[in-house]
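Quick mapping for you: the protein sequence lines, in order, are chains L and W.
Residue 277 in numbering that gives the first Met the number 0 sits at position 278 of the first sequence, with consecutive numbering throughout.
Residue 73 in numbering that gives the first Met the number 0 sits at position 74 of the second sequence, with consecutive numbering throughout.
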Amino acid sequence: MPKKIRRKLSDAVSGSKNFFLGIPRATRNLYKEIPHQVKSFKEWIFTFRGSLTILCIIGTILIPLITMDDYITTILISFLIFSIFAASWDLLAGFTGQTSFGHSVFFGVGAYVAAAFVKMAGLPWFFSMIIGAVVAVLVGLIVGIPCLRLKGPYLALGTMAFSLILFNLFMSGELKDILGSTEGISGLPAMSEDLIITFLYILIIMIISFVILIIIIKSNIGTIFKAIRDDESAADASGINTTKYKLIAFMISGFFAGIAGSLFSLNSRAVNPSVFLALYSFYAIVMVALGGLATISGSVLGAFVYWVILNELFKPLGMWGTVFLFFPTLISAIILVIMIRFAEQGILKPALEHLREFYDFLLGR
Amino acid sequence: MIFQIENVLIFGTVQGSVLALLALGFSLVYGVGGVLNLGHGAFYLITCYVFYITSRVLFINLIISIILSLIIAISVGGVIYLALIKPLQGSHIGVVIVTFAFAVFMQEFVKVIAGIKPHYISPFIFGSIEFLGVTFPIQFIFVIIGSLILVSLIGLFISKTKIGKSIRAVSQDREAALLMGINADRILMITIMISALLAGMAAILYAPTSAITVDMGWGFLLSAFAVTVFGGMGSTSGCVLGAFIMGYAKTFCSVFISPTLATVFPLLVIVVMLLVRPQGLLGKKEV
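The following block contains the structure:
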């Protein structure tokens, strides 16, 4: 091959342009960073955060294994699913600054597509989950393109409009044959015979999602997201194609929200249009605000507080009247207001600081 | 065919009147404070349920229960401003999240008080009327006339009274209005109260024609937002014009094409308007 052509080719591949085969540079650098991250994994386990994370994971695995109680396992499963959902919202709102109030769109689309593929095509749950997430990515593109023109509060209302519209579409009687109307899709096969196995599947998917999300946040692309959040025009001026990266944020966030949604429908073995309600977007916002905005791991804590502590606190009262079943949402709305008003950083950071003091005390430092 | 067109005209006018009431308040609040109030649908919801409880459960006199529910809506608007919007005015997103939380709170609160089942409010006068061969409930006449009176009163209020002039001043230039000695915070509070009053009046006039459910606030919020985007953010006349065009277009869709398209219509309007003419029909171009 003549030298000139070779040089041209190499220029085309690694030239000054920001894109390679349609993949942005920063995404490509992501792969380079993974070995480095794996190498430091051993050291990371023995740090404060690492040991805490491992302890939490072991605790989450052990609780259902020891108690062998289906009820506790079910609660933990919904906690895991919604922590993925909350983290996906955090990536979009906390890190990129694109506050979406229509996150239930991705959740619901993932749920419906996965359920449809399992029910109609008879695919195994894992593939339907991936298909659901990929369709949610496409929906992220469709929602993202018109909404990119909007900023701040308009974006919030614009995305919320999408979720309301999808809810109406899926509820409508005219499209009953295609979308299933109020009945939705039901009678899906269980993910696995044993509930504990299902729990472990979901736990593994959740851990993988969080590792990927944290790698994304720590890589170049995460820095670009933060730059867009902090000052969009400055990011634009320093040569970042903000439109493209905002779309990428929408797509990544849609992917994980789609995974959460498909796990939700596969686990509950049925899905109905209520997954598109603004309430589900509200869940994500509450969980992230509880854990702390722009902390991916905070959404786990938020999901835990909401699904395990708040929900279970009022379950026993449900015996006296169904009224008490609405209390968790009612109270979390108040909590959300208080968090936004007085403690914008959430409870994760202060809690970690206190734990850290205790940890140092234990090690005798 | 002619019968259907008459249908579109009458039902479209009713829809347009309700939308005008809802969107007018929403747009005023946006114009004055730059606040997108996601709790706007909740004002409608609260008034509906207070009206339902006072008139159908406690059997209070109709006029008194109307006044009571309006007072509650207005005071909720005032409290929302003082407790939620005022402390967070610096961050737009904080206001949006907090008002969203307020809307969810109200929805759940209503669920606790009245249950999830749909309820019915009896119209002021029972019976129906025939006009141009179309039969419709007498309540529709109340909706059209009430909306007409209220919208013109608000128009007069904004153009003639001192508070109305301050509202216009703050929405045109907040800093200059502050320098002229106008208390912008108080004006925003009054505007939010007016918007709560308008949403409440829409609820009292329109709710008796159909069932009331706990999640209806969101649909009305979306319509109000769509009309505001269509007519132009913060433009009063654009808002009223947009409301009627939207009302006719929605009923036209549901009569001639399909009712499902009519529910999707607001979104189409929002998307198309934002792509083609972001400042809205009669809005000023934002810098």
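Glycine included, every Cβ here is placed at the ideal spot set by N, Cα and C.
Remember, it's a predicted structure, so these values are computed and weren't measured experimentally.
Would you say the region 259-278 of chain W touches the region 34-44 of chain W, given that touching needs at least three Cβ pairs under 8 Å?
No, the region 259-278 of chain W is not in contact with the region 34-44 of chain W.
Taking DSSP as the reference, what is the three-state secondary structure of L:Val307?
To locate residue 307 of chain L, count along the first sequence from 1; it is residue 308. Helix.
Using CA coordinates, which residue listed in L:Arg355, L:Glu343, L:Tyr111 is at the minimum distance from L:Ala293?
Locating residue 293 of chain L in the first sequence gives position 294, counting from the first residue. Taking only the C-alpha atoms, the option nearest L:Ala293 is L:Glu343.
At a cut of 8 Å, does the region 188-196 of chain W reach the region 121-128 of chain L through at least three beta carbon pairs?
Touching, no, given that fewer than three Cβ pairs across the two stretches are closer than 8 Å.
Are the C-beta atoms of L:Ser252 and some chain W residue less than 7 Å apart?
In the first sequence, the residue the question calls residue 252 of chain L occupies position 253. No, no contact with chain W.
Going by the beta-carbon positions, is the gap between W:Gly231 and W:Leu152 smaller than 7 Å?
Taking the first residue of the second sequence as 1, we reach residue 231 of chain W at position 232. Taking the first residue of the second sequence as 1, we reach residue 152 of chain W at position 153. Not closer than 7 Å, so no.
Of all the alpha helix (DSSP H) runs that stay within the bounds of the region 165-204 of chain L, which reach a length of 4 or more residues?
Entirely contained in the region 165-204 of chain L, the alpha helix (DSSP H) runs reaching 4 residues are, in chain order, 175-178.
Quick one: using the 10 Å Cβ neighbour count with 16 as the cut-off for buried, is W:Ile62 buried or exposed?
Here residue 62 of chain W corresponds to residue number 63 of the second sequence, with the count starting at 1. Its Cβ having fewer than 16 others within 10 Å, W:Ile62 is exposed.
Whose Cβ in chain W lies nearer than 8 Å to the Cβ of L:Ser171?
Here the question's residue 171 of chain L lines up with position 172 in the first sequence. Pro258, Thr259, Thr262, listed in chain order.
Using a beta-carbon distance cut-off of less than 8 Å, what residues from the region 146-178 of chain L approach chain W?
Listed by position along the chain: Arg148, Leu149, Gly151, Pro152, Tyr153, Ala155, Leu156, Gly157, Met159, Ala160, Phe161, Leu163, Ile164, Asn167, Leu168, Ser171, Glu173, Leu174.
For L:Leu20, I'd like the list of residues in its chain whose CB is within less than 7 Å of its CB, leaving aside the five on either flank, ordered along the chain.
Within the first sequence, numbered from 1, the residue matching residue 20 of chain L stands at position 21. With a pLDDT of only 44 at L:Leu20, under the threshold of 50, the placement of this residue in the model should not be trusted, and no figure is reported.
When burial is assigned at 16 or more other CB atoms within 10 Å of the CB, is L:Ile22 buried or exposed?
Residue mapping note: residue 22 of chain L aligns to position 23 of the first sequence, counting from 1. In this prediction, L:Ile22 scores a pLDDT of 49, lower than 50, which makes its location untrustworthy; the coordinate-derived value is nonetheless stated afterwards. L:Ile22 is exposed by the Cβ-count criterion.
Which of the three DSSP states, helix, strand or coil, is assigned to W:Ser127?
The residue you call residue 127 of chain W lines up with position 128 of the second sequence. Here W:Ser127 sits in strand by DSSP.
Go ahead and pull the three-state DSSP assignment for W:Val94.
What you label residue 94 of chain W is simply residue 95 of the second sequence in a count that begins at 1. Helix at W:Val94.
By Cβ distance, which residues of its chain are closer than 6 Å to L:Ser264, with the 5 residues on each side in sequence left out?
By 1-based counting over the first sequence, the position of residue 264 of chain L is 265. If we look at L:Ser264 and ignore the five residues flanking it on each side, its Cβ neighbours are Ala110, Ala113, Ala114, Val270.
Give me, in chain order, the residues of the same chain whose beta-carbon lies closer than 6 Å to that of W:Pro265; leave out the 5 immediate sequence neighbours on both sides.
By one-based count along the second sequence, residue 265 of chain W stands at place 266. Correct list, in chain order: Leu221, Ser222, Ala225.
Compare the C-beta of W:His39 with all C-beta atoms of chain C and state if any pair is closer than 7 Å.
Protein chains L and W are contained in the structure displayed, whereas chain C is not.
Compare the beta carbon distance of L:Ser162 and L:Val108 with 7 Å and say whether it is the shorter of the two.
Sequence index remark: in the first sequence, residue 162 of chain L carries index 163 (1-based). Sequence index remark: in the first sequence, residue 108 of chain L carries index 109 (1-based). No. Outside cutoff.
Identify each residue in the region 311-342 of chain L for which the Cβ-Cβ distance to at least one residue of chain W is less than 7 Å, and report them in chain order.
Under the 7 Å Cβ criterion, the region 311-342 of chain L contributes Val322, Phe325, Thr328, Leu329, Ala332, Ile333, Leu335, Val336, Ile339, Arg340.
If you measure from the beta carbon of W:Gly77 to each beta carbon in chain L, is any gap under 7 Å?
Translated into the one-based positions of the second sequence, residue 77 of chain W becomes position 78. Not closer than 7 Å to any Cβ of chain L, the Cβ of W:Gly77 fails to qualify, so no.
At a Cβ cut of 7 Å, what residues of the region 279-290 of chain L count as close to chain W, listed as they run along the chain?
Within the region 279-290 of chain L, the qualifying residues are Phe281, Ile284.
In the DSSP assignment, what residue or residues form a beta bridge with W:Ile211?
As a working mapping, residue 211 of chain W is identified with position 212 in the second sequence. Note: W:Ile211 sits in a beta bridge opposite W:His118.
In chain order, what residues of the same chain lie with their CB nearer than 6 Å to the CB of L:Ala86, ignoring the 5 residues before and after it?
To locate residue 86 of chain L, count along the first sequence from 1; it is residue 87. So the qualifying residues of the chain are Leu212, Ile295, Ser298.
Exposed or buried, what is L:Pro152 when buried is set at 16 or more other beta-carbons lying within 10 Å of its beta-carbon?
On the first sequence, position 153 is the one that residue 152 of chain L refers to. Buried, because 16 or more other Cβ atoms sit within 10 Å of the Cβ of L:Pro152.
Taking the beta strand (DSSP E) that W:Phe135 falls in, what are its first and last residues?
Your numbering for residue 135 of chain W matches position 136 in the second sequence. Note, W:Phe135: beta strand (DSSP E), 133-136.
Is DSSP giving W:Val268 helix, strand or coil here?
For the purposes of this step, residue 268 of chain W is taken as the residue at position 269 of the second sequence. Three-state DSSP puts W:Val268 in a helix.
Taking 8 Å as the limit between beta carbons, can you name the residues of its chain near L:Ile216, skipping five residues before and five after?
The sequence position of residue 216 of chain L within the first sequence is 217, counting from 1. Excluding sequence neighbours, L:Ile216 sits near Leu90, Phe94, Phe224, Ile295.
Give a yes or no on contact between the region 71-79 of chain L and the region 196-210 of chain L, applying the rule of three or more CB pairs nearer than 8 Å.
They touch, by the three-pair rule.
Pairing CB atoms from the region 14-27 of chain W with CB atoms from the region 246-255 of chain W, are three or more of them under 8 Å?
Yes: the two stretches touch, three or more of their Cβ pairs being nearer than 8 Å.
Indicate the three-state DSSP secondary structure (helix, strand or coil) for W:Val34 in the structure shown.
For the purposes of this step, residue 34 of chain W is taken as the residue at position 35 of the second sequence. The answer is coil: DSSP assigns W:Val34 none of H, G, I, E or B.
What would DSSP say about L:Ala342, mapped onto helix, strand or coil?
Counting from one through the first sequence, the residue named residue 342 of chain L turns up at place 343. Coil.
Cutting at 7 Å between CB atoms, please list the residues of its own chain near L:Ile339, excluding the five before and the five after it.
Here residue 339 of chain L corresponds to residue number 340 of the first sequence, with the count starting at 1. If we look at L:Ile339 and ignore the five residues flanking it on each side, its Cβ neighbours are Ala288.
Can you have a look at L:His102 and say buried or exposed, based on whether 16 or more other CB atoms are within 10 angstroms of its CB?
The count along the first sequence starts at 1 and reaches residue 102 of chain L at position 103. Under this definition L:His102 is a buried residue.
At 8 Å on the CB atoms, spell out the chain W contacts of L:Thr98, in chain order.
Here residue 98 of chain L is taken as the residue at index 99 of the first sequence, counted from 1. Near L:Thr98 (Cβ distances below 8 Å), the residues of chain W are Ile92, Val95, Ile96.
Reducing DSSP to helix, strand and coil, say where L:Asn293 ends up.
Position 294 of the first sequence holds residue 293 of chain L. Reading off the sequence, residue 293 of chain L comes out as Ala, not Asn. Note: L:Ala293 maps to coil in three-state DSSP.
Using alpha carbons as the reference points, say which of W:Lys159, W:Met105, W:Leu27, W:Leu187 lies closest to L:Thr328.
Taking the first residue of the first sequence as position 1, residue 328 of chain L is located at position 329. Looking at the Cα atoms, W:Met105 is the closest of the given residues.
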